[in-house]
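Comments concern the structure below.
4 protein chains.
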Amino acid sequence: MNDDKYKKIVKSIRNFCDERDWSQFHDPKNLAISLNLEASEVLELFQWTLDNKINPEKENEIASELADVLYWLIMLSNHYNIDLLGALEDKMKINAKKYPIKKAKGISKKYTDL
Amino acid sequence: MNDDKYKKIVKSIRNFCDERDWSQFHDPKNLAISLNLEASEVLELFQWTLDNKINPEKENEIASELADVLYWLIMLSNHYNIDLLGALEDKMKINAKKYPIKKAKGISKKYTDL
Amino acid sequence: MNDDKYKKIVKSIRNFCDERDWSQFHDPKNLAISLNLEASEVLELFQWTLDNKINPEKENEIASELADVLYWLIMLSNHYNIDLLGALEDKMKINAKKYPIKKAKGISKKYTDL
Amino acid sequence: MNDDKYKKIVKSIRNFCDERDWSQFHDPKNLAISLNLEASEVLELFQWTLDNKINPEKENEIASELADVLYWLIMLSNHYNIDLLGALEDKMKINAKKYPIKKAKGISKKYTDL
Chain P
1 MNDDKYKKIV KSIRNFCDER DWSQFHDPKN LAISLNLEAS EVLELFQWTL
51 DNKINPEKEN EIASELADVL YWLIMLSNHY NIDLLGALED KMKINAKKYP
101 IKKAKGISKK YTDL
Chain B
1001 MNDDKYKKIV KSIRNFCDER DWSQFHDPKN LAISLNLEAS EVLELFQWTL
1051 DNKINPEKEN EIASELADVL YWLIMLSNHY NIDLLGALED KMKINAKKYP
1101 IKKAKGISKK YTDL
Chain A
2001 MNDDKYKKIV KSIRNFCDER DWSQFHDPKN LAISLNLEAS EVLELFQWTL
2051 DNKINPEKEN EIASELADVL YWLIMLSNHY NIDLLGALED KMKINAKKYP
2101 IKKAKGISKK YTDL
Chain C
3001 MNDDKYKKIV KSIRNFCDER DWSQFHDPKN LAISLNLEAS EVLELFQWTL
3051 DNKINPEKEN EIASELADVL YWLIMLSNHY NIDLLGALED KMKINAKKYP
3101 IKKAKGISKK YTDL
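Chains as they are written, first to last, in our numbering: chain P, 1 to 114; chain B, 1001 to 1114; chain A, 2001 to 2114; chain C, 3001 to 3114.
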């Protein structure tokens, strides 16, 4: 059976780092820091905007910045042998219970305040 | 043709929000803020550790926290109609050029300092 | 009576922005985003270090980066007319109760887990 | 000569940690992580708001959250023997040159784009 696109990319990231002998730097605390730094770069695209939209001069950068966040997310998942997509599927089931449509429709409150 | 696992989850997230009429809150600036808040929760698992490993009492939380980050990453990708996996594939090609194995092997410097 | 150094700097920041007519951009959400972006730049100085120390090539940047965080902290305090030093004094009194020396000595746990 | 309010609080924080023997946990990387986590808690007060104002149910929390950020800022300054207020004074002089009133008035661009 063929790997799907997500599995292929997980493998290619693992190979990329192995070939460069970078695992020595990749203790998980550093991976978590990098994840945060890249998430900040996404946020930076919205700095000083007044309409809650992305800075129009920076709209072409969003795909690349989101990809950077996913990169570190996969690195952390690889480190802990986590099935990231499976974890999100599990989470969506939990969220469906926490936020039943009847209660949560049109409301932005946290489930504990619903 | 069948959707693969990643596409299925992207669709299920879209449905989840549509059913709850949440798109009104999901301006992209708020999505970027949520992405950062969830990335912080990943980092929090490493707070005060001295060995760069995750706090052992919190190791069982990492999969769920990584899933939360992926959730907002997919929400932002959906908002901008970005093919997130494709963007990461593109990025990996760029990274391979920025960090040639010969130059980057065993070195943690940024490509501009290699 | 003369203003002390902290009050002087709070005033000078207010003047700096008034002269540039920047208050129109300084809605508090944007200030909070800038606070986070500057805090990230502090964290970036520690990226990839394995000994928990600052990257030695970047040690001369730390004072400037910390000053940037304080700048946004004062901007937010000015916006809400908060006496920031007074708020920290109040917090220290609360912390002294949350973390009594007897219980907290040599322990890094959160007060709820002490 | 009497210490001013800022110096008093810097000293009281130093004493607070010494009495609890907490310096062992306070390697600077952990301090920088805590600074970021507290900055996130400030940002969280603005999550899901559509008018760029603070969530009104959380307005009474802002002073306390800003104080938490200042706490870690002072901890980092203490660690590196940095005169934080002096560093900000220096920064303000640099900013005055980077953003001359004539050029920067009413414009939110970064100085490199002015």
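We put the CB at the ideal spot given by N, CA and C, even for glycine. In this text the structure is predicted, and so the values were computed from the model without any measurement.
The alpha helix (DSSP H) spanning N78 of chain P covers which residue range? Reading the first sequence from its first residue, position 78 is the one you call residue 78 of chain P. Here the alpha helix (DSSP H) through N78 of chain P covers 62 to 79.
Test: Y2006 of chain A CB closer than 8 Å to a CB of chain C: For the purposes of this step, residue 2006 of chain A is identified with residue 6 of the third sequence, where counting begins at 1. Yes, Y2006 of chain A lies at the interface with chain C (some Cβ there is under 8 Å from its Cβ).
Can you tell me the Cα-Cα spacing of E3065 of chain C and A3039 of chain C, whole angstroms? Within the fourth sequence, numbered from 1, the residue matching residue 3065 of chain C stands at position 65. Within the fourth sequence, numbered from 1, the residue matching residue 3039 of chain C stands at position 39. Going by the C-alpha atoms only, they are around 8 Å apart.
Near-chain P residues of the segment 3013 to 3035 of chain C - C-beta to any C-beta below 7 Å: none
DSSP-derived helix/strand/coil call for F2025 of chain A: Within the third sequence, numbered from 1, the residue matching residue 2025 of chain A stands at position 25. If DSSP states are grouped into helix, strand and coil, F2025 of chain A belongs with the helices.
Residues in the same chain with beta-carbon distance under 8 Å from Y2099 of chain A, minus the five sequence neighbours each way, listed in chain order, please. Start at 1 with the first residue of the third sequence, and residue 2099 of chain A comes out as number 99. Once the five neighbours on either side are set aside, the close Cβ partners of Y2099 of chain A are Y2111, L2114.
So what does DSSP say about K1105 of chain B, is it helix, strand or coil? Within the second sequence, the letter at position 105 stands for residue 1105 of chain B. Coil, per DSSP.
Note down, in chain order, each residue of its chain lying with its Cβ closer than 8 Å to the Cβ of I74 of chain P, except the 5 sequence neighbours on either side. Indexing the first sequence from 1 puts residue 74 of chain P at position 74. I9, V10, I13, L84.
Chain-order list of residues whose beta-carbon lies under 7 Å from that of I2054 of chain A (same chain, five-residue window excluded): Against the third sequence, residue 2054 of chain A aligns to sequence position 54. Hits under 7 Å: L2045, F2046, I2062.
Alpha carbon to alpha carbon, how far is M1001 of chain B from E89 of chain P? Locating residue 1001 of chain B in the second sequence gives position 1, where the first residue counts as 1. Locating residue 89 of chain P in the first sequence gives position 89, where the first residue counts as 1. Note on M1001 of chain B: pLDDT 49, under 50, position unreliable in the model; no value is reported.
Cβ-based contacts, 9 Å cut-off: residues of the segment 56 to 68 of chain P near chain A: none
Minimum Cβ-Cβ distance from W1048 of chain B to chain A less than 8 Å: Working through the second sequence from its first residue, we reach residue 1048 of chain B at position 48. It does; some Cβ of chain A falls within 8 Å.
Starting from K105 of chain P, find everything on chain B with Cβ-Cβ shorter than 9 Å and list it in chain order. Position 105 of the first sequence, counting from 1, holds the residue named residue 105 of chain P. Near K105 of chain P (Cβ distances below 9 Å), the residues of chain B are E1019, R1020, D1021, W1022.
Please list the terminal residues of the continuous alpha helix (DSSP H) segment that includes F3158 of chain C. Here chain C comprises residues numbered 3001 to 3114, so residue 3158 of chain C is not present and cannot be evaluated.
Going by the beta-carbon positions, is the gap between N2052 of chain A and P3056 of chain C smaller than 8 Å? Residue 2052 of chain A sits at position 52 when you count from the first residue of the third sequence. Residue 3056 of chain C sits at position 56 when you count from the first residue of the fourth sequence. Their beta carbons are not under 8 Å apart, which means N2052 of chain A does not touch P3056 of chain C by this criterion.
Mind checking if L1045 of chain B is an interface residue toward chain C, Cβ cutoff 8 Å exclusive? Residue 1045 of chain B sits at position 45 when you count from the first residue of the second sequence. No, because no Cβ of chain C sits closer than 8 Å to the Cβ of L1045 of chain B.
Less than 8 Å between the C-beta atoms of Y6 of chain P and Y1006 of chain B, yes or no? Sequence index remark: in the first sequence, residue 6 of chain P carries index 6 (1-based). Sequence index remark: in the second sequence, residue 1006 of chain B carries index 6 (1-based). Yes, the Cβ-Cβ distance between Y6 of chain P and Y1006 of chain B is below 8 Å.
For R20 of chain P and A1104 of chain B, believed in contact at Cβ under 8 Å, the rounded distance: The residue given as residue 1104 of chain B occupies position 104 in the second sequence. The residue given as residue 20 of chain P occupies position 20 in the first sequence. Yes, A1104 of chain B and R20 of chain P are in contact; Cβ-Cβ is about 5 Å, under 8 Å.
Compile a chain-ordered list of the residues in the segment 3081 to 3095 of chain C whose CB is closer than 9 Å to at least one CB of chain A. I3082, D3083, L3084, L3085, G3086, A3087, L3088, E3089, D3090, K3091, M3092, I3094, N3095
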